[in-house]
Amino acid sequence: MKKQSAILWTMFSLLLIFVLSASKPQVEGQKIGGKWDVPAEYKAMKNTFASDKSLVDIGKMHYTKHCRSCHGNTGLGDGPKAKNLKTFPGKFNDPKFQAQTDGELYYQSIIGRDEMPNYEAKIPEMEDRWALIMYIRTLK
Amino acid sequence: MKKSITILLLSFFTLALFAQEESTVAEKVVDKPVRQPFESAYLIDNQTTYIPYVNTLEYVIQHKFGTVENGISDLFGIYAPGANVRIGFNYVFFKNVQLGWGLTKNNFTNDFNAKWTIFEQTRNNTFPVALTLYGVAGINGQPKDYFGKDYSFMGRMSYFGQVIASRKFNEELTLQVAASFSHFNMVDRTLSDFDKVGVHVNGRYKFSPTMSVIFNYDQPLPLLILRNKDGQNSSPNVAAGIEISTSTHAFQIYAGQQSAILPQNMMLMNYNPFAVKNFAIGFTITRLWN
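Dropping the structure here:
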């Protein structure tokens with residue numbers, strides 16, 4: 120009986136460690152990305168597709184295909200590839216992140232820098248790019 | 098005079114404004130194509146109506162192992178002899194126009210292929226389906242002796258032409274139907290016909306953000322046999338599997354009843370009757386660069 124409960128406790132502890140480590144969004148040693156130097160022309164960019172709310176679904180499709188592997192299902196920076204990055208991908212539910220202009224998010228998502236790749240060739244249509252920003256806006 | 102010029106100018110600008118408004122309205126009602134009806138240009142043994150963006154290079158490796166008939170002794174065909182492999186490259190030169198080349202192990206066949214999506218399905222059903230033309234020309238690369246005494250280069254040639262229609266019903270389900278015509282310039286008349294008409298049904302059901310169930314059914318039909326009506330009718334091809342896709346890769350693993358990879362070989366030279374022992378495991382990997 121004692122042996123059984125010891126096994127159960129060990130299993131429970133292991134499970135707890137697994138759950139805690141899995142839910143921890145930032146890997147030890149990863150640096151936090153510095154401030155983005157967004158050019159003025161991007162900062163001032165307006166989403167010309169904002170009125171078409173159906174684009175959120177298309178944005179989700181692009182997010183799943185191109186962003187999810189690093190940024191995670193809900194934008195917490197906990198995707199399966201995030202651990203391999205030197206810089207933490209950030210949390211999209213951070214109010215500071217969401218307070219940025221659409222243009223700033225466009226620059227960070229599409230133009231990129233360092234480990235954040237450029238997506239101009241992979242997402243060539245402007246409508247698709249703004250659809251992606253619209254979906255990122257939902258990850259508050 | 099001045100008054101008339103002012104009225105004329107005002108009328109012109111008013112008209113221009115109306116025209117601008119009309120063009121804005123016209124722009125608003127443009128019915129745009131649906132996005133990502135498929136994750137890849139390949140769906141097991143068939144092409145999809147999907148063509149990547151212009152200037153994209155696609156690399157593909159298709160591999161089919163031996164049949165599962167020997168069970169665990171050759172790990173369900175994975176270590177069996179008789180595997181077939183194709184390596185190919187496709188490039189999108191213009192919007193929805195793709196040209197490709199590939200080399201298949203069986204008969205060392207070089208193939209040159211072209212795909213044109215004439216129109217894409219649109220979001221508001223102006224075009225309720227996407228329509229694609231696909232064509233392949235194969236060159237059998239076996240030694241001259243294989244082709245008998247009256248060797249001619251044209252005897253190496255085989256062709257496949259297909260019309261494909263697809264519809265994305267929702268974010269999860271996309272289905273395709275297609276009709277094809279295959280032709281070989283030279284065949285073993287005791288086994289095969291020169292021509293074969295076929296119909297194809299295939300599709301995908303996305304059950305997670307990156308994974309889909311995929312299936313494929315190809316039915317050769319005993320129609321339009323222009324020469325040699327003594328050949329065996331080839332068997333239908335049934336296959337099903339799983340597709341996993343990422344930003345630049347699609348990985349399909351499946352079990353199917355075909356060792357051929359080129360579609361004309363598949364439609365004319367599949368004599369395996371439908372049976373579990375005739376199934377073989379296969380996979381396709383595509384990688385995109387742009």
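Protein chains in written order, with the working numbering: chain A, 120 to 259; chain B, 98 to 387. Note that CB positions come from ideal geometry on N, CA and C, so glycine has one too. Nothing here was measured: the structure is a model prediction, and the numbers come from that model.
Are any of the Cβ atoms in chain B nearer than 8 Å to that of P233 of chain A? Start at 1 with the first residue of the first sequence, and residue 233 of chain A comes out as number 114. According to the sequence shown, residue 233 of chain A is Asp rather than Pro. Cβ-Cβ to chain B under 8 Å: no for D233 of chain A.
To the nearest angstrom, how far is the alpha carbon of S142 of chain A from that of S228 of chain A? Taking the first residue of the first sequence as 1, we reach residue 142 of chain A at position 23. Taking the first residue of the first sequence as 1, we reach residue 228 of chain A at position 109. Note that S142 of chain A has pLDDT 46, beneath the 50 cutoff, so the model's placement of it is unreliable and the number below is only indicative. For S142 of chain A and S228 of chain A, the distance between alpha carbons rounds to 24 Å.
Does D197 of chain A pass the burial test, meaning 16 or more other C-beta atoms within 10 Å, or should it be called exposed? Position 78 of the first sequence, counted from the first residue, corresponds to residue 197 of chain A. Label assigned to D197 of chain A: buried.
Tell me, please, which residues DSSP counts as bridged to D208 of chain B. Here residue 208 of chain B is taken as the residue at index 111 of the second sequence, counted from 1. BP columns for D208 of chain B point to B:G199, B:G235.
Among all the DSSP beta bridges, which residues are the ones paired with N203 of chain A? Here residue 203 of chain A corresponds to residue number 84 of the first sequence, with the count starting at 1. N203 of chain A pairs with nothing; no bridge assigned.
Hey, V274 of chain B and H297 of chain B are a contact pair by Cβ (cut 8 Å); roughly how many whole angstroms apart? In the second sequence, the residue the question calls residue 274 of chain B occupies position 177. In the second sequence, the residue the question calls residue 297 of chain B occupies position 200. Contact flag correct, Cβ pair sits at about 7 Å.
Close-in-space but distant-in-sequence residues of the same chain around Y302 of chain B (CB under 7 Å, 5 per side omitted): Here residue 302 of chain B refers to the residue found at position 205 when the second sequence is read from its first residue. The answer, listed in chain order, is E269, L270, S309, V310.
Does the beta carbon of D197 of chain A sit closer than 8 Å to a beta carbon anywhere in chain B? If you number the first sequence from 1, residue 197 of chain A lands on position 78. With its beta carbon at least 8 Å from every one in chain B, D197 of chain A lies outside the interface.
With a cut-off of 8 Å, does the C-beta of Y150 of chain B fall near any C-beta of chain A? The residue labelled residue 150 of chain B in the question sits at position 53 within the second sequence. For Y150 of chain B, the answer is yes, since a Cβ of chain A falls inside 8 Å of its Cβ.
Compare the beta carbon distance of F380 of chain B and Q349 of chain B with 8 Å and say whether it is the shorter of the two. The residue you call residue 380 of chain B lines up with position 283 of the second sequence. The residue you call residue 349 of chain B lines up with position 252 of the second sequence. The answer is yes: Cβ separation under 8 Å.
So with Cβ pairs under 8 Å, would you call E155 of chain B a contact of chain A? As a working note, residue 155 of chain B is residue 58 in the second sequence. Answer no: the Cβ-Cβ gap between E155 of chain B and chain A never drops below 8 Å.
Separation of M254 of chain B from I341 of chain B, as counted between CA atoms: Position 244 of the second sequence, counting from 1, holds the residue named residue 341 of chain B. Position 157 of the second sequence, counting from 1, holds the residue named residue 254 of chain B. One C-alpha to the other measures close to 35 Å.
Put R286 of chain B into one of helix, strand or coil per three-state DSSP. The count along the second sequence starts at 1 and reaches residue 286 of chain B at position 189. R286 of chain B: coil per DSSP, three-state reduction.
So that I know if they touch, is there some Cβ in chain B lying closer than 8 Å to that of R260 of chain A? The structure shown does not extend to residue 260 of chain A, since chain A spans only 120 to 259, so no value can be given for it.
Just tell me which of B:V373, B:L320, B:M364 has its CA closest to the CA of D142 of chain B. Counting from 1 along the second sequence, the entry for residue 142 of chain B is found at position 45. The shortest C-alpha separation from D142 of chain B is found at B:M364.
Please work out which residues of its chain come closer than 6 Å, Cβ to Cβ, to V203 of chain B, disregarding the five sequence neighbours upstream and downstream, and give them in chain order. Taking the second sequence and counting its residues from 1, the one referred to as residue 203 of chain B is at position 106. This sequence places Asn at residue 203 of chain B; Val is not what is there. Answer for N203 of chain B: N181, listed in chain order.
Is the segment 240–253 of chain B touching the segment 222–232 of chain B in the sense that three or more CB pairs, one from each, lie closer than 8 Å? no
Mind checking V131 of chain B: buried by the 16 CB within 10 Å criterion, or exposed? Taking the first residue of the second sequence as position 1, residue 131 of chain B is located at position 34. V131 of chain B comes out buried.
Shorter than 8 Å from the beta carbon of S309 of chain B to some beta carbon of chain A? Numbered from its first residue, the second sequence carries residue 309 of chain B at position 212. Cβ-Cβ to chain A under 8 Å: no for S309 of chain B.
Using a Cβ-Cβ cutoff of 9 Å, what residues of the segment 331–345 of chain B are near chain A? List them in chain order. S342, T343, S344, T345
How far does the alpha helix (DSSP H) with G222 of chain A in it extend, from its first residue to its last? Here residue 222 of chain A is taken as the residue at index 103 of the first sequence, counted from 1. That run of the alpha helix (DSSP H) goes 221–225.
Report the residue from B:A234, B:N299, B:N222, B:Q195 whose alpha carbon sits nearest the alpha carbon of T201 of chain B. The count along the second sequence starts at 1 and reaches residue 201 of chain B at position 104. Here the closest residue by C-alpha is B:A234.
Looking at the strands, I want to know which residues DSSP matches up with F281 of chain B. As a working mapping, residue 281 of chain B is identified with position 184 in the second sequence. Answer by DSSP bridge pairing, in chain order: B:S255.
Option in B:Y368, B:K293, B:T164, B:F162 with minimal Cα separation from G258 of chain B: For the purposes of this step, residue 258 of chain B is taken as the residue at position 161 of the second sequence. Considering only alpha carbons, the answer is B:K293.
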